[in-house]
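Protein sequences, first through last, are from chains A and B. Take this note's numbering: the last position of the first sequence gets the number 89, and nothing is skipped along the way. Take this note's numbering: the last position of the second sequence gets the number 1573, and nothing is skipped along the way. For every residue, glycine included, the Cβ atom is placed at its ideal position computed from N, Cα and C. Because the structure is a prediction, the values reported are computed rather than measured.
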Amino acid sequence: MKENKIYEIGKMLGISQIDAKMALSKNRNKIVTSVVIGLAIIIGKIWFQPLHYTGASIEDFGLLMRLL
Amino acid sequence: MLLKKLEPRIGLYELTLKCNMNCIHCGSNAGYKRVNELKTQEWNYVTKQLAELNCKEITLLGGEPFLRKDWYEISTEIKDRGIKITYMSNGLLINENIIEKLRKIEPKAVSISIDGSNKKTHDKIRQVKGSFNKCMQVISDLKKAEINTTVITSVNKINFQELPELKAMLLNKGIVWQLQIAIPLGRFKKELLLSKKEFYAVAIFIASTRKKYSKKELPIIGTHCFGYYSNKIINVMIFPWTGCQAGVSTIGIQSNGEVKGCLSLPAEFIEGNIRDNLISEIWQKPGFCSYNRDFKKYDLNNDCINCKYGKKCRGGCLGVSIGITGKTNGDTYCLKAIEETM
């Protein structure tokens, strides 16, 4: 899928091109990602299982979670 | 998957199938209670057993969980055993008295369903007049009582266009917003299912909102149905997707004691009853949730066949896969698959 297509689809919900651009993932270094995951395991913040339909909580929005 | 050990870390309790709403998208077809629903002591015994199996979190849902007069006793037992509690409710019954009790329980989250940005849409989907105003008031009351509050929106063709308006309503309220797609299970009619393009638009919406606003302004999340392994947009689930967790880290118990890997699965996935066996016996039984535990790459169906993430992903959400395609291990509402075809 081309980025233009993403912008076009985003328009269905009134998302501007600038906002849609924010949704795009960046090619982050895999080492950085591994360090983040490692740290998260060490401090016991997450279980590494996807959130179910059980109802997310503000507790699920730790800083490390947002980096994943 | 990083977590290899099979433990029922998340318990899902369908406290009752009885419900005081009649939502058009209800996957459980809730309304009347089941024959011979579990009694308080039976639920508490389930909790004791799950605590011994290292359960960390239990979700009370239904039907409408607050219709059970003993919800507080059941919750107290869970809390006393050191397990976190979340509730999924339609909000209609929540009053001052319930909020006072909830404060004592200190739940991880109380989730209230809001299915439209206005009373016309919400009440139409939920089929209870006046429910929108009542639920919005309950959300405000929960927040005032400093209870972790979440709004859950099941997105379908009726409310799809209202997401931006809903976002504006929830902004800066300290409320978590969880989006999921309504899937054709139970009462939900397939013609109201989002198209793949609309589904992708919702994913972009969640991702851009997450990036645009801080955790304080609007913590937003897509549930497990918003996967998987997109090459283009950020992970809207937050958590990395490591495959369906039914029977891996999740166990679902229906109000009549029947056990499934996950409550969103249809009746043919019932694999025991807590009245006949201990939970540990059911959980450790060879073949329990074999669709996940003994999964092989050749079990994949639909667009998932030959996917390089197939082994890890196991074809996405099993419930969504069955609901939309009638087949297991082949959730076609997959961001990666859509990106490859559009």
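Coil, strand or helix - Leu1410 of chain B by DSSP: The residue labelled residue 1410 of chain B in the question sits at position 179 within the second sequence. In this structure, Leu1410 of chain B counts as strand in the three-state DSSP scheme.
Short CB-CB distance (under 7 Å) between Ser1342 of chain B and chain A: Residue mapping note: residue 1342 of chain B aligns to position 111 of the second sequence, counting from 1. So yes, Ser1342 of chain B belongs to the interface.
Where Met43 of chain A sits in the DSSP three-state scheme: Locating residue 43 of chain A in the first sequence gives position 22, counting from the first residue. Looking at Met43 of chain A - three-state DSSP - the assignment turns out to be helix.
Rounded straight-line distance, which links the Cα of Thr1440 of chain B to that of Ala1399 of chain B: Counted from its first residue, the second sequence places residue 1399 of chain B at position 168. Counted from its first residue, the second sequence places residue 1440 of chain B at position 209. The straight-line gap from Cα to Cα measures roughly 11 Å.
Where the alpha helix (DSSP H) containing Thr1352 of chain B begins and where it ends: Against the second sequence, residue 1352 of chain B aligns to sequence position 121. Lys1350 to Arg1357 is the span of the alpha helix (DSSP H), which, as asked, contains Thr1352 of chain B.
Rounded separation between Asn1403 of chain B and Lys1516 of chain B - CA only: Walking along the second sequence from the start, residue 1403 of chain B turns up at place 172. Walking along the second sequence from the start, residue 1516 of chain B turns up at place 285. Going from the Cα of Asn1403 of chain B to the Cα of Lys1516 of chain B covers about 48 Å.
C-alpha gap between Lys1360 of chain B and Ile1553 of chain B, whole angstroms: To locate residue 1360 of chain B, count along the second sequence from 1; it is residue 129. To locate residue 1553 of chain B, count along the second sequence from 1; it is residue 322. Each residue's Cα considered, the two are about 32 Å apart.
Test: Ile1435 of chain B CB closer than 7 Å to a CB of chain A: Translated into positions along the second sequence, residue 1435 of chain B becomes position 204. At least one chain A Cβ lies under 7 Å of Ile1435 of chain B.
Leu1397 of chain B - containing alpha helix (DSSP H), residue span: Against the second sequence, residue 1397 of chain B aligns to sequence position 166. From DSSP, the alpha helix (DSSP H) with Leu1397 of chain B extends over Leu1394 to Leu1401.
Neighbour list for Thr1317 of chain B in chain A, Cβ cutoff strictly below 7 Å: Locating residue 1317 of chain B in the second sequence gives position 86, where the first residue counts as 1. Within 7 Å Cβ-Cβ: Thr75, Gly76 and Ser78.
Per-residue DSSP class, three states only, for Thr1454 of chain B: Stepping through the second sequence from its first residue, residue 1454 of chain B is reached at position 223. In the structure shown, Thr1454 of chain B sits in coil (DSSP, three-state: anything other than H, G, I, E or B).
Within the segment 1256-1298 of chain B, ranges of the beta strand (DSSP E) (whole runs, at least 3 residues): 1288-1292
Chain A contacts from the segment 1403-1430 of chain B (Cβ-Cβ distance under 9 Å): Gly1405, Ile1406, Val1407, Trp1408, Gln1409, Gln1411, Lys1428 and Glu1429
8 Å contact criterion, which Gly1561 of chain B and Cys1535 of chain B should meet: CB distance rounded: Locating residue 1561 of chain B in the second sequence gives position 330, where the first residue counts as 1. Locating residue 1535 of chain B in the second sequence gives position 304, where the first residue counts as 1. That pair is a contact at about 5 Å.
Under 8 Å from the C-beta of Asn1379 of chain B: neighbouring residues of chain A: As a position in the second sequence, residue 1379 of chain B is number 148, starting the count at 1. Per Cβ cutoff of 8 Å: Ser78, Ile79 and Glu80.
Closest by C-alpha distance to Thr1278 of chain B, when choosing among B:Tyr1529, B:Trp1408 and B:Leu1291: Counting from 1 along the second sequence, the entry for residue 1278 of chain B is found at position 47. Residue B:Leu1291 is the option with its Cα nearest to Thr1278 of chain B.
Where Ser55 of chain A meets chain B, residues with beta-carbon distance less than 9 Å: Counted from its first residue, the first sequence places residue 55 of chain A at position 34. Within 9 Å Cβ-Cβ: nothing; Ser55 of chain A doesn't reach chain B, min ~11 Å.
Leu1269 of chain B vs Gly1488 of chain B beta-carbon contact at 7 Å: Position 38 of the second sequence, counting from 1, holds the residue named residue 1269 of chain B. Position 257 of the second sequence, counting from 1, holds the residue named residue 1488 of chain B. Going by C-beta atoms, Leu1269 of chain B is nearer than 7 Å to Gly1488 of chain B.
Contacting positions in the segment 23-46 of chain A - beta carbon closer than 7 Å to chain B: Lys26, Ile27, Ile30, Gly31, Met33, Leu34, Gly35, Ile36, Asp40, Ala41, Met43, Ala44, Leu45 and Ser46
First and last residue of the uninterrupted alpha helix (DSSP H) at Ser1552 of chain B: Here residue 1552 of chain B is taken as the residue at index 321 of the second sequence, counted from 1. Unbroken alpha helix (DSSP H) run through Ser1552 of chain B: Leu1549 to Thr1556.
Segment contact flag, the segment 1328-1343 of chain B with the segment 1239-1253 of chain B, C-beta cutoff 8 Å, min 3 pairs: no
Chain-ordered neighbours of Met1573 of chain B on chain A, where CB pairs are closer than 7 Å: On the second sequence, position 342 is the one that residue 1573 of chain B refers to. Under the 7 Å cutoff, chain A gives Met22 and Lys26.
Cβ separation of Phe1363 of chain B and Asp1372 of chain B, assumed to be a contact under 8 Å, to the nearest whole Å: In the second sequence, residue 1363 of chain B corresponds to position 132, counting from 1. In the second sequence, residue 1372 of chain B corresponds to position 141, counting from 1. Not confirmed; about 15 Å, so no contact.
Whole-angstrom distance between Glu29 of chain A and Ile36 of chain A, CA atom to CA atom: By one-based count along the first sequence, residue 36 of chain A stands at place 15. By one-based count along the first sequence, residue 29 of chain A stands at place 8. Answer to the nearest angstrom: the Cα atoms are 9 Å apart.
Local conformation of Ile27 of chain A per DSSP, three classes: Position 6 of the first sequence, counted from the first residue, corresponds to residue 27 of chain A. Here Ile27 of chain A sits in helix by DSSP.
N- and C-terminal bounds of the beta strand (DSSP E) containing Ala1432 of chain B: Here residue 1432 of chain B corresponds to residue number 201 of the second sequence, with the count starting at 1. Here Ala1432 of chain B belongs to no beta strand (DSSP E); instead the alpha helix (DSSP H) covers Lys1427 to Lys1443.
Any chain A beta carbon closer than 7 Å to Lys1339 of chain B: Here residue 1339 of chain B refers to the residue found at position 108 of the second sequence. Yes, its Cβ sits closer than 7 Å to a Cβ of chain A.
Simplified DSSP assignment, three categories, for Met1367 of chain B: Mapped onto the second sequence, residue 1367 of chain B falls at position 136. Helix, per DSSP.
Through-space distance from Asn1379 of chain B to His1455 of chain B, alpha-carbon basis: To locate residue 1455 of chain B, count along the second sequence from 1; it is residue 224. To locate residue 1379 of chain B, count along the second sequence from 1; it is residue 148. Looking at the two C-alpha atoms, the distance is approximately 21 Å.
Contact set for Trp1315 of chain B: own chain, Cβ-Cβ below 7 Å, skip 5 residues either direction: In the second sequence, counting from the first residue as 1, residue 1315 of chain B sits at position 84. Looking at the sequence shown, residue 1315 of chain B is not Trp but Lys. Only Lys1287, Glu1288 and Lys1339 meet the Cβ criterion.
Secondary structure of Asn1328 of chain B, DSSP reduced to three states: To locate residue 1328 of chain B, count along the second sequence from 1; it is residue 97. Three-state result, Asn1328 of chain B: helix.
Short CB-CB distance (under 7 Å) between Thr1384 of chain B and chain A: Numbered from 1 along the second sequence, position 153 holds the residue referred to as residue 1384 of chain B. With 7 Å as the cut-off, Thr1384 of chain B does not count as an interface residue toward chain A.
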